[in-house]
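Engineer:
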Amino acid sequence: MTGQSDRSAAVEYIHGCYRELAPSIMQLALLSQRQKARISAPLRYLELGFGQGLSLNIHAAGTPGEYWGTDANPAHVANAQEMAAASGADAHFFNQSFADFAARDDLPEFDVIAFHGVWSWIADEDRKAVIDILERRLAVGGLCYLSYNAVPGWSTFMPLRHLMTLHSDLMAPQGQEVGATIDGALNFAQTLADAGLLYFRANPAAAERVKQLRDQAKNYLAHEFLAADWTPMAFSEVARWMDGARLSFGASAHLLDHIDALNLTVEGQKLINSASHLVMRESLRDYAMNQQFRRDVFVKGPRSMTLAEQAECFREMRFALIVLPKSVRYTVKGTLDEATLHEAVYRPVVEALASRDYAAKSAGELFGIVDASGVGFPQLFQALIVLTGMGYVHPAQSSEVAAAATETARKLNAYLMERAVHSSEIGVMTSPVTGGAVGLSRFSQLFLRARIRATEPSKPEDWAREAWTVVSALGQRLMKDGQPLDTAEENIAELTIQAEEFNDLLPLMTALGIA
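In structure tokens, the structure reads:
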């Protein structure tokens, strides 16, 4: 709405960590599409609109390089700076608009410039500043990652979002707390859905979306519904903007998008393949998948590779498990439906990744292991793409790069463990082996903290007792089967069970350079 104030600017965003922002994920995505990528440590990496700065700090601590970022919310910047000070990584965080940041005369050329979601929530004048930064500050051969709300997936919900925003802007009491404003807008939307308005009859998915929104964090919804600017955009329009910075589309960073069988009907694949222009193919793909959110990698100076070059690069690329083998589920959900993975292929790959105490291995090494099980090289390639896309596997760095990042990663993880004493808002730690995030719950972080702090060898029951000391001092209790545990003995018993489960995880955390 014209003249609407951006009330979301004062609301802190969630502590999200987005794996597609990892340079190695971008590199794998481009390799999958036979596109060359010039990525090597030390990196020069810029994130525009970094939120709480968690992803940027994870990568700064996990991969040597020079990291920059700017964000409009000063609380975000303070949080990001605190994390960077703890790790000692070479990271620079600023509280500047994109235009003011673009005007700086001390910016280097960057290998990667990334912005997650920001493109959808800024005005055209800010987009012009972003394009200016990309045009002048992204190195030749460099990568740009941007994710954004896309059409046609958002088209059905856009009218309801407009009405909810209108309600928040015109009907909410002045000075009302943001959470109450969001609740009011959601209740209003539910009332409309229950009233059977023709809009909901014509768009039944909109009513289901209202129900789903109630499970989202309030500070996320504040940015979704209280922002002054919000523009879902077609891929063709984004490509036109990127063309202004001399960037070309390379690949989707969402790796499961690369598996056509998961996302497209046979008829849809034929239609897409019949289009001679890349922009038309991607546009048709969005309509075939009813795409709601895109995660794109653009390249300054794209170069394709032959199948032989792709195979050679893939053989050299290293991978590591980031979950226990027992956590791997051999089903995957695509746009069309849930599919069952061929265990005769995927299980040997997982077992090969777990061999030698979870040590990271090149695809060439993995093929040497799984070949005896009848797994062909193309099957290994697809399996690693899928397992990485599902969050079970992550590309790994060279042992030299991992060693160089060990100390900054250790310091950031120590800081995150201390934050876990008071909060569960950050559920990841950084791995110098992968250079990216590894999911670890608050209690797992507290168990690891207890193990590290112990002056002599300790056991899961010792970690559980120390975790209980932390939790009980805050007046908190654990939940089991939906009910709070009242006594200290009940809480310690439940924590001991969880600590024993974490003990099983320790060899993997050690291999990833976290424990």
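The sequence shown begins at 1478 in my numbering and counts up by one. Ideal placement from N, C-alpha and C gives every residue a C-beta, glycine not left out. All values reported here derive from a predicted model rather than from experimental measurement.
1. Give the DSSP-derived three-state secondary structure of Leu1623 in the structure shown.
2. Does the stretch 1526-1536 come close enough to the stretch 1551-1565 to have 3 or more Cβ pairs within less than 8 Å?
3. Would you call Val1743 buried or exposed, if buried means 16 or more other Cβ atoms sit within 10 Å of its Cβ?
4. So, with DSSP's three-state summary, where would you put Val1595?
5. How about Val1589 and Pro1500: are their beta carbons less than 7 Å apart?
6. Determine the contact status of Ala1722 and Leu1611, defining contact as a CB-CB distance below 7 Å.
7. Along the chain, where does the alpha helix (DSSP H) containing Lys1688 start, and where does it finish?
8. Beta-carbon separation of Leu1584 and Arg1604 under 7 Å?
9. Which residue from Glu1820, Asp1692, Gly1673, Asp1848 puts its Cα closest to that of Ala1684?
10. Where are the alpha helix (DSSP H) runs, 4 residues long or more, that stay fully inside the stretch 1842-1909, in chain order?
11. Roughly how far, in whole angstroms, is the beta-carbon of Leu1498 from the beta-carbon of Ala1576, given that I think they are within contact range, below 8 Å?
12. Is the separation between the beta-carbon of Ser1908 and that of Leu1989 shorter than 7 Å?
13. So is Thr1642 buried or exposed if we call it buried at 16+ other beta carbons inside 10 Å?
14. Which same chain residues end up closer than 8 Å to Val1870 when comparing Cβ atoms and leaving out the 5 residues on each side of it in sequence?
15. Given a cut-off of 7 Å, decide if Ala1886 and Ala1568 are closer than it, judged by their beta-carbon atoms.
16. Short of 6 Å in beta carbon distance, which residues of its chain neighbour Ala1514, apart from the five on each side in sequence? Order them along the chain.
17. Spatial neighbours of Ser1832 within its chain, please: CB distance less than 7 Å, with the 5 preceding and 5 following residues excluded, ordered by chain position.
18. From which residue to which residue does the alpha helix (DSSP H) around Gly1656 run?
19. Which of the three DSSP states is assigned to Leu1798 in this structure?
20. Assuming Gln1512 and Val1776 form a contact by the criterion Cβ under 8 Å, report the distance between their Cβ atoms to the nearest whole angstrom.
21. Roughly how many angstroms lie between the CA atoms of Thr1540 and Phe1844, to the nearest whole one?
22. How about Val1628 and Ala1752: do their beta carbons lie closer than 7 Å?
23. Buried or exposed: where does Gln1975 fall if 16 or more other Cβ atoms within 10 Å of its Cβ makes it buried?
24. Flag this pair as yes or no: are the beta carbons of Val1687 and Ala1730 separated by less than 7 Å?
25. For Leu1923 versus Val1905, is the C-beta distance shorter than 7 Å?
26. Exposed or buried, what is Met1986 when buried is set at 16 or more other beta-carbons lying within 10 Å of its beta-carbon?
27. Taking all protein chains shown into account, do 16 or more other C-beta atoms lie within 10 angstroms of the C-beta of Arg1762, making it buried, or fewer, making it exposed?
28. Assuming contact is defined by CB atoms lying nearer than 7 Å, are Ala1662 and His1644 in contact in what I supplied?
29. Starting from Thr1973 and walking both ways along the alpha helix (DSSP H), at which residues does that stretch end?
30. So Lys1888 packs on Gly1565, CB below 8 Å; how close in whole Å?
31. For Ser1781, which option in Thr1633, Leu1647, Ala1728, Gly1630 has the closest C-alpha, if you only look at C-alpha atoms?
32. Could you pull out every residue in the same chain whose Cβ sits closer than 6 Å to the Cβ of Pro1911, ignoring the five residues on either side in sequence?
33. Taking 7 Å as the cut-off, decide whether the C-beta atoms of Gln1769 and Trp1631 are in contact.
34. Can you give the Cα-Cα distance for Arg1930 and Val1595, rounded to whole angstroms?
35. Specify the secondary structure class of Tyr1835 as computed by DSSP and reduced to three states.
36. Closest to Tyr1697 by C-alpha separation, out of Glu1877, Gly1913, Gly1528, Ala1927, would be which residue?
Structural biologist: Per the coordinate set shown:
1. Residue state, collapsed to three classes: strand.
2. yes
3. exposed
4. helix
5. Cβ atoms of Val1589 and Pro1500: closer than 7 Å.
6. Yes, these two residues count as a Cβ contact at 7 Å.
7. 1681-1690
8. no
9. Gly1673
10. 1854-1866, 1876-1897
11. Between Ala1576 and Leu1498 the Cβ distance is about 23 Å, and since that is not below 8 Å, they are no contact.
12. Yes. Within cutoff.
13. buried
14. Phe1796, Ala1797, Leu1798, Ile1799, Leu1830, Leu1861, Leu1864
15. Not a contact, by the Cβ cut-off of 7 Å.
16. For Ala1514, the CB contacts under 6 Å within the same chain, skipping 5 residues up- and downstream, are Gln1504, Leu1507 in chain order.
17. Ile1846
18. 1655-1671
19. strand
20. 7 Å
21. 27 Å
22. no
23. With a threshold of 16 other beta carbon atoms within 10 Å, Gln1975 meets it and is buried.
24. no
25. Val1905 sits away from Leu1923, with the two beta carbons spaced by 7 Å or more.
26. buried
27. Buried.
28. yes
29. 1965-1988
30. 6 Å
31. Ala1728
32. According to the sequence provided, residue 1911 is Thr. The question's Pro does not apply to it. Closer than 6 Å at Cβ, skipping near neighbours: Ala1797, His1871, Ala1873.
33. Going by beta carbons, Gln1769 and Trp1631 fall inside the 7 Å limit.
34. 40 Å
35. Helix.
36. Checked all of Glu1877, Gly1913, Gly1528, Ala1927; the closest Cα to Tyr1697 is Gly1528.
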